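Asks:
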Amino acid sequence: MKLRSTSAAAAAAVVLALTATACGGGSDSGSNGDKITVGIKFDQPGLGLKTPDGTYAGFDVDVARYVAKELGYAEDKINFKQAPSAERENLIKNGDVKFVVASYSINEKRKKEVDFAGPYFLAHQDLLVRADDSSITKVEDLNTKKLCSVTGSTSAQNVKDKLAPKADLQQLGGYSECLTGLENKAVDALTTDDSILAGYASQKEHAGKFKLAGLRMSDEKYGIGVKKGDDELRGKINKALEKMVSDGTWEKLVKQHFGPSGYKYEAAPKVEN
Amino acid sequence: MFDFLDSGQYDLLGAFWVTAQLALYSAIGSLIWGTALVSMRVSPVPLMRAFGTAYVNIVRNTPLTVVLVACLLGLNQTLLITLGGERSEGIGFRLAVLGLVAYTGTFVCEALRSGINTVPAGQAEAARALGLSFTQVLTLVVLPQAFRAAVTPLANVLIALTKNTTVAAAIGAADAAFLMKEMIENEADALFAVFAVFAFGFIVLTLPTGLILGWAAKRLAVKR
Amino acid sequence: MSSVLYDTPGPRAKRRNVLYTIVFLAALGLVGWWVLAALADKNQLAADKWSPFVTDSEVWTTYLLPGLTETLKAAGLSILIALPLGAALGIGRLSDHRWVRVPVGALVEFFRAIPVLLLMMFANQAYREFTTVSSDFRPLYAVVTGLVLYNASVIAEVVRAGVLSLPRGQGDAAVALGMRKGQTMLYVLLPQAVTVMLPALVSQLVVIVKDTALGGALLGFAELLSQNRQITANYGANTIATLTVIALIYIVINFALTSFAGRLEQRLRQGRKSAAVTLPAQAGAPDEKSKAVSDA
Chain G
43 MKLRSTSAAA
53 AAAVVLALTA
63 TACGGGSDSG
73 SNGDKITVGI
83 KFDQPGLGLK
93 TPDGTYAGFD
103 VDVARYVAKE
113 LGYAEDKINF
123 KQAPSAEREN
133 LIKNGDVKFV
143 VASYSINEKR
153 KKEVDFAGPY
163 FLAHQDLLVR
173 ADDSSITKVE
183 DLNTKKLCSV
193 TGSTSAQNVK
203 DKLAPKADLQ
213 QLGGYSECLT
223 GLENKAVDAL
233 TTDDSILAGY
243 ASQKEHAGKF
253 KLAGLRMSDE
263 KYGIGVKKGD
273 DELRGKINKA
283 LEKMVSDGTW
293 EKLVKQHFGP
303 SGYKYEAAPK
313 VEN
Chain R
37 MFDFLDSGQY
47 DLLGAFWVTA
57 QLALYSAIGS
67 LIWGTALVSM
77 RVSPVPLMRA
87 FGTAYVNIVR
97 NTPLTVVLVA
107 CLLGLNQTLL
117 ITLGGERSEG
127 IGFRLAVLGL
137 VAYTGTFVCE
147 ALRSGINTVP
157 AGQAEAARAL
167 GLSFTQVLTL
177 VVLPQAFRAA
187 VTPLANVLIA
197 LTKNTTVAAA
207 IGAADAAFLM
217 KEMIENEADA
227 LFAVFAVFAF
237 GFIVLTLPTG
247 LILGWAAKRL
257 AVKR
Chain L
284 MSSVLYDTPG
294 PRAKRRNVLY
304 TIVFLAALGL
314 VGWWVLAALA
324 DKNQLAADKW
334 SPFVTDSEVW
344 TTYLLPGLTE
354 TLKAAGLSIL
364 IALPLGAALG
374 IGRLSDHRWV
384 RVPVGALVEF
394 FRAIPVLLLM
404 MFANQAYREF
414 TTVSSDFRPL
424 YAVVTGLVLY
434 NASVIAEVVR
444 AGVLSLPRGQ
454 GDAAVALGMR
464 KGQTMLYVLL
474 PQAVTVMLPA
484 LVSQLVVIVK
494 DTALGGALLG
504 FAELLSQNRQ
514 ITANYGANTI
524 ATLTVIALIY
534 IVINFALTSF
544 AGRLEQRLRQ
554 GRKSAAVTLP
564 AQAGAPDEKS
574 KAVSDA
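Protein chains in written order, with the working numbering: chain G, 43 to 315; chain R, 37 to 260; chain L, 284 to 579.
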């Protein structure tokens, strides 16, 4: 009899499964009603970070909040959504988010799929090295060094194709992994946009450990991604960005988020229409 | 539909060659490590038995992805172990083999342990009656029979290992899974063709293994 | 069995065993000491890298527990969908009709031969292109799809082996009673087979839980392992500490499942009176029937 009851339990589990899956699924997306969904990074200190108390912090996040406010959404009406690099175009195209503020550099390939408002920030590809390491002063020095970057990133591609084809480039899943290697001297430098690097360098846990090499190996204009052809929204966001620079908010935010690392950021770029 | 194959942009054979190499080296390594583990688990020394049991239970219950990432982050990025590799690609490959051996060894160990259980007690008793030591009983009498009884489960372990090599893509080994990820992103419109090519590749790798070892299992089985 | 392999240690063998123990302990201790020293040297054991997991409950409530929920959700959904599907495929493979048996067999063999990671990547891309599934759920769907396709075919083999392991007399008796084929399967063979294969099914759950981690590394599924990126971004790149904690969570869950399967197997073995054997919980058991039980 005991056996019979086990099989009965298994059968019950199967039935439960079917009902559970029937109820699963279904989702709402985009900016329905009075809420707005914005795509940001969740794992980049200084730009877009999900903090332990469940809130979001960073320069991109504050830009997103400012723009949303100008569009008429109060802070509690903003719904932040993770926008990993590979997913940004899809999120915009599917209408899952209204716009994306996620260290999103404007380039021709992306412009074919989405439109950009801005730019609102000018970053450069740079290197993060250990604070006591002064052996890298120019791009050519990289050819004998161990470099680390994130798998599939444009920075990694840049190094391989143009900057230092002979460098030993290690591609890992995330920046934290690279930082572990950098801290322990398994790699000599971490390369990506200086804004991202500055965010890591100014974290209190890393105080005094790392510094930016200041090489400015490329120009990355950060834009706000919107749906292709949505010129009305793009125009509104551009206006908001212009206002943000003129009323001093931009300067204040940049100081707040990048200040501690001693990062010499560029002046606010002019919004292109 | 399959024109991406001729473009010369993707090194399909190279990627599968990496996969095959990963599988081959890991298979040899995990066979050795698994035998060592099973020897510990049946040895007269209590501490070795405890170590073998603990190791198998811990590693077998950890996702392979975690094992591989731990190899990369812990051994390479922190303890600076390079296993003799110089450039990061070589190091990644060697670390992947190490991780696969550490993980697959536990399954080899369990397969062999069940193989040992099929050896009749009389065999070991007779060997002991002849005055053989534990090492001799194990290596001359029990393990040879256990291996023959364990061909089928070992074949399953080997097939699982071949498929598991794809996880090495998570730590950047340039194997078939890594290439497939790149290809489905670039050749989005040929999704089914890309998948078919890789599916075919893995069937080519795993099917003969299963067939040959299935045949071997029948031939080698100890007649009782 | 192990005690059969060696004689009860006499005075000399005892001394030798003590010596081996000391040597082995020294070797283990040396490796352990070297690792710990190296970690300490790299400041990886520093308190501030580890303390968040003890002192800051928000690490758990914001990252680890939601991640664990996703992992368990994907694993649970997968087993619950794969179970009926696998049972259907397994029965299909046992069908008397060639036109059912052969295609089902081909399907099962096909999905068993392909790495589950490739299935997940394919599903992810297919959902992205051909459906409007929101990107919130797409990775979950892709992971579940991959796991279901693979595990249903594994379960199909388990079911087939379970049914085949029953004594012939069971089926014959049902036929003698005038039961139709469907009735025989549903009322006589399957209920017995389910108990036979329960341990194997629970162990398959361990495989599923472990495989959900693949979705995090390559598809951006927000499961337990993928939380390490957000945690390490907040607590100063404490990758080693985070990975250790995450690995421990997996080990605890899977160890509980494995021991449950083991106990289940033992209880079923003791409680059984019929001649059928229980399919072993552990991968790679010796008898032919365990061929179905996948490992890893």
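Here a beta-carbon is modelled for each residue, glycine too, at the ideal position from N, C-alpha and C. Everything numeric in this text was worked out from a predicted model, so none of it was measured.
With DSSP as the reference, identify every bridge partner of VAL328 of chain G, one or two as the case may be.
Replies: One cannot answer for residue 328 of chain G here, as it falls past the ends of chain G, which runs 43 to 315.
Asks: Does the distance from the CB of SER75 of chain R to the CB of THR140 of chain R come in under 8 Å?
Replies: The answer is no: Cβ separation not under 8 Å.
Asks: Is the separation between the beta-carbon of SER334 of chain L and that of ILE491 of chain L shorter than 8 Å?
Replies: Result no, Cβ atoms of SER334 of chain L and ILE491 of chain L do not sit closer than 8 Å.
Asks: What does the alpha-carbon distance come out to for the pair LEU502 of chain L and PRO422 of chain L?
Replies: Taking the straight line from one Cα to the other gives about 6 Å.
Asks: Using three-state DSSP, classify TYR61 of chain R as helix, strand or coil.
Replies: Looking at TYR61 of chain R - three-state DSSP - the assignment turns out to be helix.
Asks: Is it buried or exposed, SER176 of chain G, if we count other Cβ atoms within 10 angstroms and call 16 or more buried?
Replies: Classification of SER176 of chain G: exposed, given that the 10 Å Cβ count is below 16.
Asks: Indicate whether the contact test is met: 3 or more Cβ pairs, each with one atom in the segment 204 to 218 of chain G and one in the segment 178 to 192 of chain G, closer than 8 Å.
Replies: Contact between the segment 204 to 218 of chain G and the segment 178 to 192 of chain G is present, because at least three Cβ pairs lie under 8 Å.
Asks: Are VAL92 of chain R and PHE307 of chain L close, meaning C-beta to C-beta below 8 Å?
Replies: Their beta carbons are not under 8 Å apart, which means VAL92 of chain R does not touch PHE307 of chain L by this criterion.
Asks: Taking all protein chains shown into account, decide if GLY301 of chain G is buried (16 or more other Cβ within 10 angstroms of its Cβ) or exposed.
Replies: Exposed, by the Cβ-count rule.
Asks: With distance defined between alpha-carbon atoms, name the residue in G:ARG130, G:THR186, G:LYS306, G:GLY96 nearest to LYS140 of chain G.
Replies: With distances taken between Cα atoms, LYS140 of chain G lies closest to G:ARG130.
Asks: Looking at ALA128 of chain G and GLY250 of chain G, is the spacing between their C-beta atoms short of 8 Å?
Replies: No; because the gap between Cβ atoms is not below 8 Å, this pair is not in contact.
Asks: In this structure, does DSSP put GLY304 of chain G in helix, strand or coil?
Replies: Correct three-state label for GLY304 of chain G: coil.
Asks: Any idea if TRP53 of chain R is buried or exposed, counting beta-carbon neighbours within 10 angstroms, 16 or more meaning buried?
Replies: Result: exposed.
Asks: At 9 Å on the CB atoms, spell out the chain L contacts of GLN86 of chain G, in chain order.
Replies: By Cβ distance, chain L contributes ALA516.
Asks: In its own chain, which residues sit with a C-beta less than 8 Å from the C-beta of LEU347 of chain L, not counting the 5 before and 5 after it?
Replies: Within the same chain, LEU347 of chain L has close Cβ partners LEU507, GLN510, ILE514, VAL528, ILE529, ILE532.
Asks: Quick check on this structure: which residue in L:TRP317, L:ARG451, L:PRO482, L:GLY312 has the alpha carbon closest to the alpha carbon of THR114 of chain R?
Replies: Answer by Cα proximity: L:TRP317.
Asks: Should LYS217 of chain R go down as buried or exposed, given a rule of 16 or more other Cβ atoms within 10 Å for buried?
Replies: Answer is buried; the Cβ neighbour count reaches 16.
Asks: Please confirm whether ALA409 of chain L and GLY429 of chain L have their CB atoms less than 8 Å apart.
Replies: No, these two residues do not count as a Cβ contact at 8 Å.
Asks: Give a yes or no on whether 8 Å exceeds the smallest Cβ distance from ALA358 of chain L to chain G.
Replies: No, because no Cβ of chain G sits closer than 8 Å to the Cβ of ALA358 of chain L.
Asks: Are at least three pairs of beta-carbons, each pair with one atom in the segment 460 to 480 of chain L and one in the segment 427 to 444 of chain L, less than 8 Å apart?
Replies: Because the criterion of three Cβ pairs below 8 Å is met, the segment 460 to 480 of chain L and the segment 427 to 444 of chain L touch.
Asks: If you check the beta carbons only, do ILE94 of chain R and ILE397 of chain L fall under 8 Å apart?
Replies: Against a cut-off of 8 Å, the Cβ pair of ILE397 of chain L and ILE94 of chain R comes out as no contact.
Asks: Taking the alpha carbon of THR233 of chain G as the point to measure from, which residue in G:LYS151, G:CYS190, G:TYR108 has its own alpha carbon closest?
Replies: Selected option, being the one with the closest Cα: G:CYS190.
Asks: Let me check understanding here. Comparing Cα to Cα, which of G:GLY114, G:ALA231, G:ALA125, G:TYR108 lies closest to GLU284 of chain G?
Replies: Of the listed residues, the one whose Cα sits closest to GLU284 of chain G is G:TYR108.
Asks: Given a threshold of 16 other Cβ atoms within 10 Å of its Cβ, counted over all protein chains shown, does ALA292 of chain G qualify as buried or as exposed?
Replies: The sequence given here places Trp at residue 292 of chain G; Ala does not occur at that position. It is buried - the Cβ of TRP292 of chain G has at least 16 other Cβ atoms within 10 Å.
Asks: Go ahead and pull the three-state DSSP assignment for LEU432 of chain L.
Replies: Here LEU432 of chain L sits in helix by DSSP.
Asks: Tell me, please, whether the segment 161 to 169 of chain G touches the segment 263 to 270 of chain G by the rule of three or more beta-carbon pairs shorter than 8 Å.
Replies: In short, these stretches touch, since the Cβ pair count reaches three.
Asks: Is any beta-carbon of chain G found at less than 8 Å from that of ARG123 of chain R?
Replies: Yes, ARG123 of chain R counts as interfacial toward chain G.
Asks: Taking C-alpha atoms, which residue in R:ALA157, R:THR198, R:LEU49, R:VAL102 lies nearest to ILE207 of chain R?
Replies: Of the candidates R:ALA157, R:THR198, R:LEU49, R:VAL102, the one whose C-alpha sits nearest the C-alpha of ILE207 of chain R is R:VAL102.
Asks: Please report the straight-line C-alpha distance between VAL314 of chain L and THR304 of chain L, rounded to a whole angstrom.
Replies: Going from the Cα of VAL314 of chain L to the Cα of THR304 of chain L covers about 15 Å.
Asks: Please state whether DSSP places LEU48 of chain R in a helix, a strand or coil.
Replies: If DSSP states are grouped into helix, strand and coil, LEU48 of chain R belongs with the helices.
Asks: Residues of chain R with CB closer than 9 Å to the CB of GLY290 of chain G, please, in chain order.
Replies: Result: empty, since nearest Cβ-Cβ is about 42 Å, beyond 9 Å.
Asks: Using 8 Å as the threshold, is the C-beta distance between LEU322 of chain L and ILE536 of chain L below it?
Replies: It is not a contact, given that the beta carbons lie outside the stated cut-off.
Asks: Please list, in chain order, the chain G residues whose beta carbon lies closer than 9 Å to that of LEU109 of chain R.
Replies: Within 9 Å Cβ-Cβ: LEU214, GLU219, THR222, GLY223.
Asks: So ALA483 of chain L contacts chain R; which residues on that side make the cut at Cβ distance below 7 Å?
Replies: Going along chain R, no residue has its Cβ under 7 Å from ALA483 of chain L, so there is no contact; the nearest lies around 13 Å.
Asks: From GLY312 of chain L to LEU247 of chain R, what distance separates their C-alpha atoms?
Replies: The straight-line gap from Cα to Cα measures roughly 44 Å.
Asks: Closest by CA to VAL296 of chain G, which one among G:ILE82, G:ASP102, G:GLY96, G:THR97?
Replies: Nearest option by C-alpha distance: G:ASP102.
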